[in-house]
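Visitor:
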Amino acid sequence: MKATIWGTGFGLLAMSWAAALTAQTLPEFEQAFGPGKPGAGAVVRGDGLFRVDVPLEQYPEALCADGSHAVFYTRAASTRAHRDDWVIYLQGGGSCDSGQDCYDRWRGQDGNFGANKLSSSFAPRGGIKAGGIENRRADNPFASWNHVFVYYCSSDAWTGQVADVALSAEHRGEQVEYRAHFQGAKIINAVVDMLQHNAGPLSYLDNEGRRQRMPDLDAASTVLFAGSSAGGSGVRSNADRLGDHLRANNLRCDAEGCPLRYAAVIDASYGLSREILDHADSRACGEALIGACSYELSMRHQWEIVQRGLRQGLSDQSCVAFHRETEDQWRCADGVHLLKHHLQTPFFARVDLQDRLVMGNTIEAGYRYQGVELDRALYGALEEIQLRELAINDQLAEEPRAPGPLEPPGVFGPQCGDHETLRSNQPTYQRAIVADGQAYQMLELLQNWLNGDQPSAVIENFDPEAMPASCQLQNPG
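For the sequence shown, numbering that gives the first Met the number 0 gives the first residue as 0, with consecutive numbering after it.
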């Protein structure tokens, strides 16, 4: 029998039995507030990847925020050469951090996203379109790999480990109590367990009604654990523990070594570091319930109230251990700090210097840099510096990774304003950065990095006035 021991988050706040039983009597989203309203980030019906439902009978903790079951979409490798190569992708879509936040999201009032990030009831039946790295087009070096798309319905950045959380929100002039589930990490566990065939051989129905069987993930030779936006945050938080789990169960690994090639691909999830910004005039500083007027107070709120409180979420264990002696574990709530200093999994990062969503949210939050109000030009200049540091991260990290063929990190840094890219055709195939007279697209660079070829890090020289060449449409189709 296969070993299937999962690492868990540690130092979690225990939820009392009394509180849990009380919360179980509260209504869930739809019972409390009526049908939800979907927002941005919906997936489109198609025949690129095919739906698999996670059975609650076998995986009772794999719950969406509204209590519906988790869902993923998959497609088996199309060639024998790549039968054991995998891309496992976590969908993005922000998060909600309080009862009112989650209510606003359910009602389609949070600005960006809606109830489709809290429930699988909006997930298309049958199949979804494949884009970006999943696209079957001939110039995609990953087209014939196994692909898995994990639908995001927990709104917890894929870290939550708790069910039946009692929340409240103002609804039609009254304060209404309800319950939600933050089980993103448990959903990852369930999907991986099914891919490992621990619940039996895994198959799906393709668009012609034929039953297609998926290979066993435990026979993998290469696994790319990928995600965009909140999905990228989920990759950051889960990559090291997933890597340990895969190596412990991989059929190619033994006491003499482990040839499994495992790496993280993080898209649209490396915004400007909050540590270098002034928080005194920020919106969060002025909010009575948060009062985050410094970097430390901001991260403490995220760590103590949201991550360890609301979500009882897992955290990167090496980060927490590193900061325990200095009692500043709250730094592990900072995704930029975590990626730069503590992630032990080799990673490739794709970050747009002018990401409209991340940059827009950061500027709107009211931060300053050395007394200067943050704007588009200043944001882009600082983001370029930050990315160039990331490309030599093996020299700067507090907790250096072991030397290896995938060090230093790979980086693709255009200046086009795109947010999520990894599953989108236009920014994946029609953006290229010129380096030494040659144009490189993102997937070309990712393949270079995986194969140990150069260049593996290409970053646009930020220009606040002109549209760089990387934004001009390349290779349409």
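Where is the CB? At the ideal position from N, CA and C, for every residue including glycine.
Predicted model only: the values in this text are computed from it and were never measured.
With distance defined between alpha-carbon atoms, name the residue in 216, 124, 355 nearest to residue 199.
Guide: The residue you call residue 199 lines up with position 200 of the sequence shown. For the residues 216, 124, 355, the minimum Cα distance to residue 199 belongs to 216.
Visitor: Which residues in the same chain have their Cβ closer than 6 Å to the Cβ of residue 53, if we skip the five residues on either side of it in sequence?
Guide: Position 54 of the sequence shown, counting from 1, holds the residue named residue 53. Correct list, in chain order: 61, 68, 69, 189.
Visitor: As an exercise, report each continuous beta strand (DSSP E) stretch of at least 3 residues that is fully enclosed by the segment 353 to 415, in chain order.
Guide: 409 to 412
Visitor: Could you tell me the boundaries of the alpha helix (DSSP H) in which residue 28 lies?
Guide: The sequence position of residue 28 within the sequence shown is 29, counting from 1. Counting along the chain, the alpha helix (DSSP H) containing residue 28 begins and ends at 28 to 32.
Visitor: If you draw a straight line from the alpha carbon of residue 79 to that of residue 197, how long is it in whole angstroms?
Guide: Looking up residue 79 in the sequence shown gives position 80. Looking up residue 197 in the sequence shown gives position 198. Approximately 23 Å, taken between the alpha carbons.
Visitor: Among the residues of its own chain, which have a CB less than 8 Å from the CB of residue 210, if the five just before and after it don't count?
Guide: In the sequence shown, the residue the question calls residue 210 occupies position 211. Cβ neighbours of residue 210 beyond the five flanking positions: 202, 203, 204.
Visitor: Expressed to the nearest angstrom, what Euclidean distance is found between the alpha-carbon atoms of residue 308 and residue 376?
Guide: Here residue 308 refers to the residue found at position 309 of the sequence shown. Here residue 376 refers to the residue found at position 377 of the sequence shown. Cα-Cα distance, rounded: 37 Å.
Visitor: Closer than 7 Å by C-beta to residue 250: which residues in its own chain qualify, once you throw out the five before and the five after it? Chain order, please.
Guide: To locate residue 250, count along the sequence shown from 1; it is residue 251. Within the same chain, residue 250 has close Cβ partners 217, 218.
Visitor: Quick check on this structure: which residue in 269, 48, 110, 443 has the alpha carbon closest to the alpha carbon of residue 138?
Guide: Position 139 of the sequence shown, counting from 1, holds the residue named residue 138. Looking at the Cα atoms, 443 is the closest of the given residues.
Visitor: Short check: CB of residue 348 to CB of residue 266, under 9 Å?
Guide: What you label residue 348 is simply residue 349 of the sequence shown in a count that begins at 1. What you label residue 266 is simply residue 267 of the sequence shown in a count that begins at 1. In this structure, residue 266 lies closer than 9 Å to residue 348 by Cβ.
Visitor: Is it true that the CB of residue 132 sits closer than 9 Å to the CB of residue 88?
Guide: Position 89 of the sequence shown holds residue 88. Position 133 of the sequence shown holds residue 132. Contact flag set, yes.
Visitor: Quick test of your reading: residue 184 and residue 158, contact by CB under 8 Å. State the CB separation rounded to the nearest angstrom.
Guide: Translated into positions along the sequence shown, residue 184 becomes position 185. Translated into positions along the sequence shown, residue 158 becomes position 159. With 8 Å as the limit, residue 184 and residue 158 qualify as a contact, their Cβ atoms being about 6 Å apart.
Visitor: Give me the Cα-Cα distance between residue 295 and residue 278, rounded to the nearest whole angstrom.
Guide: Start at 1 with the first residue of the sequence shown, and residue 295 comes out as number 296. Start at 1 with the first residue of the sequence shown, and residue 278 comes out as number 279. C-alpha separation (whole angstroms): 10 Å.
Visitor: Excluding the 5 residues flanking residue 36 on each side, which residues of the same chain have their C-beta closer than 7 Å to its C-beta?
Guide: Taking the sequence shown and counting its residues from 1, the one referred to as residue 36 is at position 37. Hits under 7 Å: 106, 107, 113, 114.
Visitor: Helix, strand or coil for residue 330? Go by DSSP, reduced to three states.
Guide: As a position in the sequence shown, residue 330 is number 331, starting the count at 1. The answer is helix: DSSP assigns residue 330 an H, G or I state.
Visitor: In terms of residues, what are the limits of the beta strand (DSSP E) holding residue 173?
Guide: Along the sequence shown, read from residue 1 onward, the residue named residue 173 stands at position 174. Start and end: 173 to 181.
Visitor: Looking at the unbroken beta strand (DSSP E) that takes in residue 158, where does it start and where does it end?
Guide: For the purposes of this step, residue 158 is taken as residue 159 along the sequence shown, with counting starting at 1. Neither: residue 158 is in no beta strand (DSSP E) and is coded neither H nor E.
Visitor: Given that a residue counts as buried once 16 or more other Cβ atoms are within 10 Å of its Cβ, and exposed if not, what is residue 330?
Guide: On the sequence shown, residue 330 is found 331 positions in, with the first residue counted as 1. With 16 or more Cβ atoms within 10 Å of its Cβ, residue 330 is classed as buried.
Visitor: Give, in chain order, every unbroken run of the beta strand (DSSP E) that is at least 3 residues long and sits entirely within the segment 225 to 277.
Guide: 260 to 266
Visitor: Would you say the segment 225 to 245 touches the segment 380 to 398, given that touching needs at least three Cβ pairs under 8 Å?
Guide: no
Visitor: Relative to the C-alpha of residue 357, which candidate in 260, 140, 269 has its C-alpha closest?
Guide: Residue numbering aside, residue 357 sits at position 358 when the sequence shown is read from its first letter. Among 260, 140, 269, the Cα nearest to that of residue 357 belongs to 269.
Visitor: In terms of residues, what are the limits of the alpha helix (DSSP H) holding residue 48?
Guide: Here residue 48 refers to the residue found at position 49 of the sequence shown. In this chain, residue 48 is not harboured by any alpha helix (DSSP H); it is covered by the beta strand (DSSP E) spanning 44 to 52.
Visitor: If you compare alpha carbons, which of 130, 399, 271, 156 is closest to residue 344?
Guide: In the sequence shown, residue 344 corresponds to position 345, counting from 1. Nearest option by C-alpha distance: 399.
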